[in-house]
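Peer 1: Let me give you the structure first, and then I'll get to my questions.
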Amino acid sequence: MDLLVEVRQGVAVVVPRTEFLDASSAEEFKRAIASTLEAYKKIVLDVSGIQFVDSAGLGALLSCLRKAASGGGDLKICGLTKPVRSVFEIARLHRVFDIYPNQADAVLAFDAV
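Read in order, the letters of the sequence shown are residues 26 to 138 in my numbering.
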């Protein structure tokens, strides 16, 4: 899976280049983001291009959050589309992740901590 990674103010901003984060792509996503999770403590995941996520995709995102936290870091999410936000709310993950409307707000949130 192709990921665009850009560092801003010491925060790695990761943009997956896919419309689907599901059973067919979740493992590939976890492999692709693993090196970023190891290299950076502050990570923003911009999912604005993702139009569909299923339970496997949610599991992959939770795995990323746990991996970041276990290394003393944090992961914030931004850019949830309406369909993806609905899935997050049904699964109650909007209470687990720090969610922001855009990259700029998510990056700034690290400074507020």
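Even for Gly, the Cβ is constructed at its ideal location relative to N, Cα and C.
Would P108 be called buried (16 or more neighbouring beta carbons within 10 Å of its own) or exposed?
Peer 2: In the sequence shown, residue 108 corresponds to position 83, counting from 1. By the neighbour-count rule (16 or more Cβ atoms within 10 Å), P108 is not buried but exposed.
Peer 1: Taking the C-alpha atoms as reference points, what is the distance between A129 and F77?
Peer 2: If you number the sequence shown from 1, residue 129 lands on position 104. If you number the sequence shown from 1, residue 77 lands on position 52. Roughly 23 Å separates the two Cα atoms.
Peer 1: What are the uninterrupted segments assigned as alpha helix (DSSP H) that are 4 or more residues long and contained completely in the stretch 52-121, given in chain order?
Peer 2: Qualifying alpha helix (DSSP H) stretches, in chain order: 80-95, 107-115.
Peer 1: Starting from R33, follow its DSSP beta bridges and name the residues at the other end.
Peer 2: Residue numbering aside, residue 33 sits at position 8 when the sequence shown is read from its first letter. Its beta-bridge partners are V36.
Peer 1: Measure the CB-CB distance between A131 and K101 and report whether it falls below 9 Å.
Peer 2: In the sequence shown, counting from the first residue as 1, residue 131 sits at position 106. In the sequence shown, counting from the first residue as 1, residue 101 sits at position 76. Contact flag set, yes.
Peer 1: Per the DSSP calculation, P41 is bridged to which residue(s)?
Peer 2: If you number the sequence shown from 1, residue 41 lands on position 16. DSSP lists L28 as partners of P41.
Peer 1: Can you tell me the Cα-Cα spacing of V39 and L29, whole angstroms?
Peer 2: Start at 1 with the first residue of the sequence shown, and residue 39 comes out as number 14. Start at 1 with the first residue of the sequence shown, and residue 29 comes out as number 4. If you take the alpha carbons of V39 and L29, they lie about 6 Å apart.
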